[in-house]
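Notes for the one structure printed next.
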Amino acid sequence: MISYGPIVWSSYVCALDIQDNFLYAVYSGRGDEGLMILDISDPSEPEEISRLYIDNYFWDLKVRDDYAYIFSSQFFQVFDVSDPEEPVMVGQIELEFLSWDYTYYTIEVSGNLIYASCHLDGFMVFDVSDPENPFVTAYYDTPGVAHDLAVIDDLVYVADETSLGVYRNTMVGLPDRETIPFPGNYEIVSIYPNPFNSTTTIQYSLPVASPVSLNVYNINGQLVKVLVNRYMQSGKHRIVWEAENVVSGVYFIKIENGWKNDIVKTVLLP
């Protein structure tokens with residue numbers, strides 16, 4: 009074994025991947041975070057060829073063909089690295105719904121799908137068939153804590169802390185999302201009472217598990233209250249809006265998940 013000596017970073021190197029003669033690394037901490045690409049055609053003298061500052065805390069990185077996929081505390085991001093000297097972000101998904109901590113999360117690539125272990129939130133699957141418009145295509149809240157995963161064809165093996173979970177992705181082999189009938193509606197089923205004095209119950213329906221936001225807006229379109237902003241399982245759900253310190257008037261309850269949305273009007277009485 010021959011050591012060529014370390015390459016020193018001022019921050020923490022969180023993950024790396026190698027493709028052809030290039031090494032891709034993400035690093036975080038101490039106000040210096042981002043993506044670095046090195047030419048390692050001569051392993052005794054690695055040469056930095058580009059560095060892109062990204063304000064984030066990174067978990068994992070995978071590179072396939074012309075794209076680098078980065079999983080972090082805030083985003084799932086896709087970078088075009090066809091020119092390693094000028095990497096460019098082309099798509100991203102915000103991950104506000106994850107209950108993250110500093111535990112290591114991982115991603116695996118299988119064709120046009122990216123599988124991500126999400127610790128307390130199970131695992132999710134991103135579709136990157138259109139790298140500029142990635143989207144969440146599946147989610148499963150495992151019974152344990154998903155530390156790592158491996159993918160073979162349509163099977164997902166999850167290291168779930170105290171158990172090994174094996175899951176089959178039934179979406180593999182289906183046509184593109186434009187040709188898939190959307191399974192039902194994301195809708196607000198009822199708001200009761202409506203009108204109301206200070207408290208009302210909102211019942212809403214989700215046809216499939218997905219990230220969901222349920223927000224309250226005033227007649228000027230200003231956000232008044234965030235009621236839900238996280239991943240949820242399919243089915244009917246309800247939440248109570250306690251409209252304390254809110255002036256009387258007309259309000260709009262909006263549910264959305266990135267594909268569909270529904271808006272219902274409600275009235276807060278004096």
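For the numbering used here, add 8 to where a residue sits in the sequence shown, where the first one is 1.
C-beta atoms are modelled at their ideal positions from N, C-alpha and C, and glycine is treated no differently.
In the DSSP annotation of this structure, N141 is not part of any beta strand (DSSP E), being labelled neither H nor E. Between the region 237 to 246 and the region 211 to 223, the count of Cβ pairs shorter than 8 Å is three or higher; the stretches touch. Taken atom to atom, the span from the alpha-carbon of L43 to that of S171 is near 34 Å.
Of the candidates D168, R246, F30, T145, the residue whose Cα lies closest to the Cα of L128 is D168. P219: member of the beta strand (DSSP E) spanning 218 to 226, first to last residue. Annotated three-state conformation of Q100 is strand, per DSSP. For S125, the secondary structure class from DSSP, reduced to helix, strand or coil, is strand. When beta bridges are read from the DSSP output, N269 appears opposite E264.
Collapsing the DSSP output to three states places D88 in a strand.
DSSP places I48 in no beta strand (DSSP E); its state is neither H nor E. The Cβ atoms of I57 and F87 do not sit closer than 9 Å to each other.
In the displayed model, L24 falls within a strand according to three-state DSSP. Secondary structure of G229 (DSSP, three-state): coil. With respect to the C-alpha of L103, the residue from S49, I115, S80 having the closest C-alpha is S80. Sixteen is the threshold: when 16 or more other Cβ atoms of the shown chains lie within 10 Å of the Cβ of P142, as they do, the residue is buried. The C-alpha of D73 lies about 14 Å from the C-alpha of D138. For the pair V71 and Y65, the CB atoms are not nearer than the 9 Å cut-off. Judged by their CB atoms, Y147 and V164 are not nearer to each other than the 9 Å cut-off. Of H245, N226, K233, the smallest CA-CA separation from Y259 is found for N226. DSSP, reduced to helix, strand and coil, places L69 within a strand of the structure shown.
In the DSSP assignment, G42 forms a beta bridge with Y35, Y61. In this structure, F84 and F134 form a Cβ contact; the two beta carbons are roughly 6 Å apart against a cut-off of 8 Å.
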